[in-house]
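Listed in order, the protein sequences are those of chains Z and L. Once you know that position 118 of the first sequence is 117 in numbering that gives the first Met the number 0, the rest is easy, because the numbers rise by one and skip nothing. Once you know that position 42 of the second sequence is 41 in numbering that gives the first Met the number 0, the rest is easy, because the numbers rise by one and skip nothing. What follows is a set of notes on a single structure, which appears directly below.
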Amino acid sequence: MHVELRGIEKRFPGVVANHDVDLTIRPGAVHALIGENGAGKSTLMKILYGVQAPDGGTIVVDGAERRFASPTDAIDTGIGMVFQHFMLADNLTVLENVVLGAEKLHGIGESARSRVREICEAYGFELDPDALVATLGVAARQRVEILKVLYRGASLIILDEPTAVLVPHEVEALFANLRDLVASGRSVLFISHKLDEVLDIADDITVMRRGTTVGTADPRSATKHELAELMVGAELPSPDLSEDTVTDVPILALRGVALASDGGRRLLDDVDLTVHRGEIVGIAGVEGNGQTELVEVIMGMRRATSGTITLAEEDITRLATRKVRERGVGFIPEDRHRHGVVLDFPLWENRILGHQTKRPVTRGPLLNPGGAREDAERIVAEYDVRTPSVHTSARALSGGNQQKFIVGREMSGDPVLLVASHPTRGVDVGAQAAIWDHIRRARHDGLGVLLISADLDELIGLSDRLEVILRGRITAHFDPDDVSAQDLGAAMTGGAA
Amino acid sequence: MTILASAPSAIRQYRHLTLVLALAAIVTVSLVRVFTDQSRMTTPGTLRLALIAACPILLAGLGGLWAERAGIVNIGLEGQMLLGTWGAAFFAYHFGAWVGVLGALLMGALGGLLHAVATITFGVDHIISGVAINIAGLGAVGYLAQTFFTDLDGGGPRNLSGYAVPTEVTIPGISDGARWVSEQRWFLISDVAAAVAGVTTRLSLLTILAVALVAVTAWVLWRTPFGLRLRSCGENPQAAETLGVNVYRYKYIAVLISGAFAGLGGAYLAMVASSSFTTGQTNGRGYIGLASMIFGNWNPTGVLASSLMFGYADGVSLLSDNGPLVHALLLLLSLILLGYAALKYVGGERVTGLVVALIAVALLVWYLAVDSVPSDFTGMTPYVLTLFVLAVASQRLRMPAASGKSYRRGQAG
């Protein structure tokens, strides 16, 4: 299928998400669309898939101009999409998720089941059509999404940042699948900001910046460096550490920590872990292997079933979250909307959250709005938070700016330990560099950091020491100076690479 | 990634367990009946009463299930049931029994439409809209009854009687035979025979319809593309939208059907449970229907089982001089809870097991300490049971993932 986008434009109140976007997708090729967060890639994809209607421009498919009022139109034309956040119903089976909306093809019974089996066999997907999606892991869910698209006979498959949730060998399996798809004459539109992967898989590359397409590149001749410059107009930041600041004074120590779920399953099992002053300890693991629980136990959000946690020689195993924070623990939560900020509060009120017993946001038993506003302004300036004022509600900020504000808040009041879950997730390259800088600087001043991340480059580059967590246990240790992403990925999944 | 358990084998195991538990329950009931010498516990009359009390709860529960499977919490069931009672009385009085049933369906669906417009189109909180419908339903029915029934023969400002109701059937040979067996008071056999006699004697066609709707609901929701689409709206409407499902349409259909089911429950109250209409006849059964849906884990068969249980409690509370009977039920409840506690304890949830065991022991002590339960308390039986059951069972239940959440088109991805 030959798809051309010409002069696409999309405006939201106050922002132009897309303008003058031109893109040509050849049949039988993997076309990569790259750009920073907020460059307008996702908006463009939603337009191409009919979720949102463009304000201007045309979509031409195989020579004919098309208008997509809803995803149904796009599906009928032969366009399928795999969303970054999977669009699956957990409580339905694989088969039900696949046939939903396409019941007319093969019904919802036996013939649909055998068709699903056929596709699975053809592409080497190991999926049981009758398994509940809730029981599947991330990679398997992604295969269900691709299966959905194939079941509808799509000839253009859009994948929105498909590798963000995968470990290295799963990425390889995905790329093998994509090559099979292209070999069978389909086109793939691959959205990413990971340049290594793009150079590995793409046949054509288009770069977006600030809502528009700024150029194309040939993956056979282009280098990472050139692509990065096209993307950000500047050099790529790297998370490397320059100096050694690790001391031998332990700041956080976990001894034999275990956590059992209500059903008696061991979410954490006999975890031993030490973070020293001036040290960044990275925790690598596939999501759902106990990272969340580890953080919650340290922060006092859940209580360990057994074992002890000490912070600067004080036992904090049974302390409540507020007490833990008062002892100088900063916390960057993994889901900033659930735990980090109250979206409808202005920034200065968000500055108070989590510090509601400390100066300068309080004066005795009362809040100190003046102090909070002043300190919020300090964070906005120091951490380059792009906001009209500290009276703006957090919801109005982009994800990257919200995250910078959270980092700034958590670094306030000179913490001794920072627990950082995915500190740069969903953050653009510029903000990422700034956050890394701040963490490095704090480390220099003697801060201990427990870093949990799904970004292996970040883990390897930023950590002084790496621990691998698998099914609630610390299963391996690595020195980030001589470990490859492949080795780490193998350890994270418990298999050999 | 590995696949933990394939669904069919899990379901098979589940069915096997259900069968064992059901058998254990019947034996326990029979034992308690013999031990306490409360033969009224399982006479055909009591069980027939229980079935009649169960049906309105069942219909309300199924109605709730339809709405929640499409992601809308319909707490307005009570109000829709009330509208149904009036619709049944009005249309049956003027046009005959089955037109009355149809009228109840329509009045209930009207209440459902109101809920649908508020929650789906205008995004009103589901609970608030539902409560408003309950209050408005009560007021509307009071007004409608006063306006239309006051001057009728057999009517009054708050009631109406003398209209046609659906036929009752008795299955000749089986009914009498089973009744005779049940009167012999044999262990186990008589109890089962009483149940058979209860469902074959003077059985209203509306009862058959209500039970048939369990199967219809299960078939439509789980075996047809329509049902799959409807359920997908309750699990992940954004995903359904990206696959071309018109989420608004399915939510509307589901809530309309939900209201119609509740209306039918109202008709049952006004036509089978009693043969006359009274304002405010539902008496909280819409809420108990909602509880039976939750305890039935949003499954049609589960709703059937839990409404039978609630119906039994409701039926017993209607019997005259039921103090000794409720007293005997204390022993039964205590034994069932002990069994549940033992299961929990063995399953590793020791704290839960111990707490439940403690409650069971307290009930046992109560049973041993008195000879009869005061009549003020016996009327509360169904409601107390509701609280009990939900408190014990709530940890195991799983509602549709997007139930009660507001949905707007165009937010996918």
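Each residue gets a CB set at the ideal place from its N, CA and C atoms; glycine is no exception.
With at least 16 other beta carbons inside 10 angstroms of its own, Q141 (chain Z) counts as buried. When 7 angstroms is used as the limit between beta carbons, T71 (chain Z) is near these residues of chain L: G243, in chain order.
Distance from the CA of L384 (chain L) to the CA of R407 (chain L), rounded to the nearest whole angstrom, comes to 38 angstroms.
Bridge partners of H30 (chain Z) according to DSSP: Z:L188, Z:D203. Nearest neighbour of G176 (chain L) by Cα position, chosen from L:L227, L:A194, L:G138, turns out to be L:A194.
For A272 (chain L), there is no enclosing beta strand (DSSP E), since its DSSP letter is neither H nor E.
A327 (chain L) and E313 (chain Z) have their C-alpha atoms roughly 57 angstroms apart. Given a length threshold of 3 residues, each whole run of the beta strand (DSSP E) inside the region 123-197 of chain Z is given here in chain order: 155-159, 186-191.
Closest option to T278 (chain L), judged by alpha-carbon separation, among L:Y92, L:A53, L:W85: L:W85.
In this structure, the beta-carbon distance from F309 (chain L) to I287 (chain L) falls below 7 angstroms. When secondary structure is reduced to three states using DSSP, P236 (chain L) falls in the helix class. For a Cβ distance threshold of 8 angstroms, residue set N90 of chain Z lies close to P399 (chain L), ordered along the chain.
Taken atom to atom, the span from the alpha-carbon of R184 (chain L) to that of M40 (chain L) is near 11 angstroms. Between L112 (chain L) and L255 (chain L) a beta carbon distance of about 6 angstroms is seen, short of the 8 angstroms cut, so the two are scored as contacting. Within the same chain, and ignoring the five residues on either side of I459 (chain Z) in sequence, the residues whose Cβ sits closer than 6 angstroms to its Cβ are P479.
As a beta-bridge residue in DSSP terms, R65 (chain Z) pairs with Z:I58. Using beta-carbon distances, S402 (chain L) does not count as an interface residue toward chain Z, since no partner is under 7 angstroms.
Short of 6 angstroms from the beta carbon of T42 (chain Z), and not among the five residues preceding or following it, lie these beta carbons of its own chain, in chain order: K9, A16, N17. Under the three-state reduction of DSSP, V448 (chain Z) is assigned to strand. Contact between the region 68-86 of chain L and the region 128-142 of chain L is present: 3 or more CB-CB pairs across the two stretches fall below 8 angstroms. In this structure, G56 (chain Z) sits near G6 (chain Z), with a CB-CB distance shorter than 7 angstroms.
Boundaries of the beta strand (DSSP E) around H275 (chain Z): 265-275. Contact annotation: in the region 64-75 of chain L, no residue has its CB less than 8 angstroms from a CB in chain Z. Within a 10 Å sphere around the beta-carbon of I134 (chain L) sit fewer than 16 other beta-carbons, which makes this residue exposed.
In this structure, the beta-carbon distance from L131 (chain Z) to V97 (chain Z) does not fall below 7 angstroms. By the beta-carbon neighbour count (other beta carbons within 10 angstroms, threshold 16), K343 (chain L) is buried. Against chain Z, a Cβ distance below 8 angstroms from R228 (chain L) picks out L99, G100, E102.
Interface annotation, M86 (chain Z): in contact with chain L, CB-CB separation under 7 angstroms.
Using a CB distance below 7 angstroms, no part of the region 464-476 of chain Z faces chain L. If one requires a minimum length of 3 residues, the beta strand (DSSP E) runs lying completely within the region 270-324 of chain Z are 279-283, 305-310, in chain order. Residue-level contact by beta carbon fails for A253 (chain L) and chain Z, as no gap is shorter than 7 angstroms.
When C-beta atoms of the region 329-339 of chain Z are compared with those of the region 358-376 of chain Z, fewer than three pairs fall below 8 angstroms, so the two segments do not count as touching. CA-CA distance, G70 (chain L) to G301 (chain L), rounds to 19 angstroms. Taking 7 angstroms as the cut-off, the beta carbon of A216 (chain Z) is found no closer than this to the beta carbon of I200 (chain Z).
Between the region 58-66 of chain L and the region 211-229 of chain L there are three or more inter-stretch CB-CB distances shorter than 8 angstroms, so the stretches are counted as touching.
Counting other Cβ atoms within 10 Å of its Cβ, S189 (chain L) reaches 16 or more and is therefore classed as buried.
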